[in-house]
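Participant: Pasting a structure here, questions to come.
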Amino acid sequence: MNEDITPKKPSMSYRGLTTVSKKTTEKPINGVSTGLTHKLPLEVEFGKNSIIEWIDYRLPIFSFLKYFSHYQTPKNLSYLWNLGSIAGIALVIQIITGVVLAMHYTPHVDHAFDSVERIMRNVNYGWLLRYTHAVGASMFFAAVYLHIARGLYYGSYKAPRELLWHIGIIIFLTMMATAFMGYVLPWGQMSYWGATVITNLFSAIPLIGGSIVTWLWGGFSVDNPTLNRFFSLHYLLPFIIVALVMLHLVALHQYGSNNPKGIDVKSPKDTIPFHPYYTVKDFVGFGVYFIIFAYFIFYEPNYLGHPDNYIPANPLVTPAHIVPEWYFLPFYAILRAVPSKLGGVLLMFGSIFVLFLLPWLDTSKVRSSNYRPIYRIAFWIFMADCLLLGYLGGQPAEEPYITISRFAACYYFFHFLVALPLIGKYEKPLPLPEEL
Numbered sequence: 014m015n016e017d018i019t020p021k022k023p024s025m026s027y028r029g030l031t032t033v034s035k036k037t038t039e040k041p042i043n044g045v046s047t048g049l050t051h052k053l054p055l056e057v058e059f060g061k062n063s064i065i066e067w068i069d070y071r072l073p074i075f076s077f078l079k080y081f082s083h084y085q086t087p088k089n090l091s092y093l094w095n096l097g098s099i100a101g102i103a104l105v106i107q108i109i110t111g112v113v114l115a116m117h118y119t120p121h122v123d124h125a126f127d128s129v130e131r132i133m134r135n136v137n138y139g140w141l142l143r144y145t146h147a148v149g150a151s152m153f154f155a156a157v158y159l160h161i162a163r164g165l166y167y168g169s170y171k172a173p174r175e176l177l178w179h180i181g182i183i184i185f186l187t188m189m190a191t192a193f194m195g196y197v198l199p200w201g202q203m204s205y206w207g208a209t210v211i212t213n214l215f216s217a218i219p220l221i222g223g224s225i226v227t228w229l230w231g232g233f234s235v236d237n238p239t240l241n242r243f244f245s246l247h248y249l250l251p252f253i254i255v256a257l258v259m260l261h262l263v264a265l266h267q268y269g270s271n272n273p274k275g276i277d278v279k280s281p282k283d284t285i286p287f288h289p290y291y292t293v294k295d296f297v298g299f300g301v302y303f304i305i306f307a308y309f310i311f312y313e314p315n316y317l318g319h320p321d322n323y324i325p326a327n328p329l330v331t332p333a334h335i336v337p338e339w340y341f342l343p344f345y346a347i348l349r350a351v352p353s354k355l356g357g358v359l360l361m362f363g364s365i366f367v368l369f370l371l372p373w374l375d376t377s378k379v380r381s382s383n384y385r386p387i388y389r390i391a392f393w394i395f396m397a398d399c400l401l402l403g404y405l406g407g408q409p410a411e412e413p414y415i416t417i418s419r420f421a422a423c424y425y426f427f428h429f430l431v432a433l434p435l436i437g438k439y440e441k442p443l444p445l446p447e448e449l
């Protein structure tokens, strides 16, 4: 047994990994040493290669990869912990397909719709690129929503991971902005009128609302300057998301992953190296993800889209029913539930920003819902409420959908602002295990 299990503070340099005589230690998880050291030199990891050694001495890429492969993680992580990696793969797919599509797209109101049709019909495998990008947006949001739901269930937003959670919500907000602007680019009927409706929401802001809308439009209506702005920002924002993801990973590695039991790692036997155990597990998740992805691309590419977007944008013809993409529907239902325009906008944005307050609204000291019987029931009721809001957001703005939307929106905020603090205060959790 290794007697000295207390590591020194890890160095930011990885050069010590290149020699046999030196050994490095893992960063403690949750402030507790894993007791495991990296004794393998880079020659063993990558083969003895003077070029690799020369590069790594000056730019420690290979040592960095070795650090990640030996990163210690809780041994009881389930397949739900694949969702972060799946979301990362989805982001890479979106960036690659988006860059290629941008080479053929024309950001002009007279040519945008036709350029998309040309991509679909004349560009080699353009149909595959376009469907991969369009379906990929939905798959990306599906992975992120499940990722957020897992965090809510297992209390991953609680100390000391508050900043990890906050960065994740910022990523989510940036994703929403990126997806909205991307939805406008095909310049179909739903693209045009969706842009008109959503950008007009900012006019509800007192004093400065009109100026914000004019700036977004680049004029006095949604037109060519609007399309150019949205195209530029849609191209830029994914790279900002990449930077935020890097921060997210740094925050994650500071205290390590949460786990299904929601308890801190207390001894080396509670952890295992990320590679090969969780890389293999991740590839199983990737396989399932790509099977579902491929099904939608090849069999149901338009299932999650709207048929009106195959009609060129016409400012003189308003669609009978304007709906956003499915991943915006719960928030759209909250927006429409309030008669006041300003009130609806405030509630819609409040439904997202309330997530920033979650670490302090949940007053329970126990993280995992597995040991919180009352909160577990409240969690599933909340999930059902979100699904109901999603359904209502896709329905016409008429009775009984409006009334039901108001009750569902009320429960959404009741869950965070009332139920969570009270449950945390009065709930009697089950005894926590001593170790993983």
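449 is the number that our numbering gives the last residue of the sequence shown; the numbers go up by one with no jumps. Note that CB positions come from ideal geometry on N, CA and C, so glycine has one too. This one's a predicted model, so the numbers in the text were calculated from it and none came from an experiment.
1. Please list the terminal residues of the continuous beta strand (DSSP E) segment that includes I285.
2. Looking only at its chain, what residues have a beta carbon closer than 7 Å to the beta carbon of Y291, apart from the 5 residues adjacent to it on each side?
3. Between the alpha carbons of D321 and V255, how many angstroms are there, rounded?
4. Do the stretch 179–196 and the stretch 227–239 make contact, defined as three or more Cβ pairs closer than 8 Å?
5. Can you tell me where the beta strand (DSSP E) with Q85 in it begins and where it stops?
6. Who are the Cβ neighbours of A115 in its own chain at under 7 Å, not counting the five residues just before and after it?
7. Would you kindly work out how many angstroms separate the C-alpha atoms of I161 and I182, rounded to a whole number?
8. Give the secondary structure of G222 by DSSP, where H, G and I count as helix, E and B as strand, and everything else as coil.
9. Per DSSP, P325 is paired with what?
10. Any idea what DSSP makes of K79, helix, strand or coil?
11. Give me, in chain order, the residues of the same chain whose beta-carbon lies closer than 8 Å to that of Q107; leave out the 5 immediate sequence neighbours on both sides.
12. In whole angstroms, give me the CA-to-CA distance for R380 and G275.
13. Going by DSSP in three states, Y170 sits in which element: helix, strand or coil?
14. Does the stretch 401–408 come into contact with the stretch 417–424, if we say contact requires no fewer than three beta-carbon pairs (one atom in each stretch) closer than 8 Å?
15. Can you name, in chain order, every residue of its own chain whose Cβ lies under 8 Å from the Cβ of Q202, other than the five neighbours on each side?
16. How about the stretch 65–76 and the stretch 133–144: do they share at least three Cβ pairs that are nearer than 8 Å?
17. Is the number of C-beta pairs between the stretch 361–380 and the stretch 290–304 that are closer than 8 Å three or more?
18. Do Y166 and S382 have their C-beta atoms within less than 9 Å of each other?
19. Under DSSP, the alpha helix (DSSP H) around K438 begins and ends at which residues?
20. What residue does the alpha helix (DSSP H) around V263 start on, and which one ends it?
21. Return the residue from the list M259, I65, D375 that minimises the CA-CA distance to L435.
22. Are there three or more Cβ pairs, one per stretch, closer than 8 Å when the stretch 346–357 is compared with the stretch 236–246?
23. So is the beta-carbon of G207 under 8 Å away from any non-hydrogen atom of the ligand NAD?
24. Taking 9 Å as the cut-off, decide whether the C-beta atoms of H428 and A391 are in contact.
Facilitator: In short:
1. Indexing the sequence shown from 1 puts residue 285 at position 272. That run of the beta strand (DSSP E) goes 284–286.
2. Translated into the one-based positions of the sequence shown, residue 291 becomes position 278. If we look at Y291 and ignore the five residues flanking it on each side, its Cβ neighbours are T86, L90.
3. In the sequence shown, counting from the first residue as 1, residue 321 sits at position 308. In the sequence shown, counting from the first residue as 1, residue 255 sits at position 242. Taking the straight line from one Cα to the other gives about 32 Å.
4. no
5. The sequence position of residue 85 within the sequence shown is 72, counting from 1. Unbroken beta strand (DSSP E) run through Q85: 85–87.
6. Indexing the sequence shown from 1 puts residue 115 at position 102. Excluding sequence neighbours, A115 sits near Y248.
7. For this step, residue 161 is matched to residue 148 along the sequence shown. For this step, residue 182 is matched to residue 169 along the sequence shown. The alpha-carbon atoms of I161 and I182 are separated by roughly 9 Å.
8. Stepping through the sequence shown from its first residue, residue 222 is reached at position 209. Note: G222 maps to helix in three-state DSSP.
9. Here residue 325 is taken as the residue at index 312 of the sequence shown, counted from 1. BP columns for P325 point to G201.
10. The residue you call residue 79 lines up with position 66 of the sequence shown. Reduced to three states, the DSSP call for K79 is helix.
11. Working through the sequence shown from its first residue, we reach residue 107 at position 94. Excluding residues within five positions, the ones whose Cβ falls inside 8 Å are H146, G149, A150, F153, P251.
12. Along the sequence shown, one-based indexing puts residue 380 at 367. Along the sequence shown, one-based indexing puts residue 275 at 262. Rounded to whole angstroms, R380 to G275 spans 5 Å at the Cα level.
13. As a working mapping, residue 170 is identified with position 157 in the sequence shown. Reduced to three states, the DSSP call for Y170 is coil.
14. yes
15. As a working note, residue 202 is residue 189 in the sequence shown. If we look at Q202 and ignore the five residues flanking it on each side, its Cβ neighbours are D321, N322, I324, P325, A326, N327, V330, P332.
16. no
17. no
18. Counted from its first residue, the sequence shown places residue 166 at position 153. Counted from its first residue, the sequence shown places residue 382 at position 369. For Y166 and S382, yes; Cβs fall inside 9 Å.
19. Locating residue 438 in the sequence shown gives position 425, counting from the first residue. That run of the alpha helix (DSSP H) goes 433–439.
20. Taking the sequence shown and counting its residues from 1, the one referred to as residue 263 is at position 250. Counting along the chain, the alpha helix (DSSP H) containing V263 begins and ends at 237–268.
21. Stepping through the sequence shown from its first residue, residue 435 is reached at position 422. Checked all of M259, I65, D375; the closest Cα to L435 is D375.
22. no
23. Among the components of this structure there are no ligands whatsoever, and the ligand NAD is therefore not found.
24. Translated into the one-based positions of the sequence shown, residue 428 becomes position 415. Translated into the one-based positions of the sequence shown, residue 391 becomes position 378. Cβ atoms of H428 and A391: closer than 9 Å.
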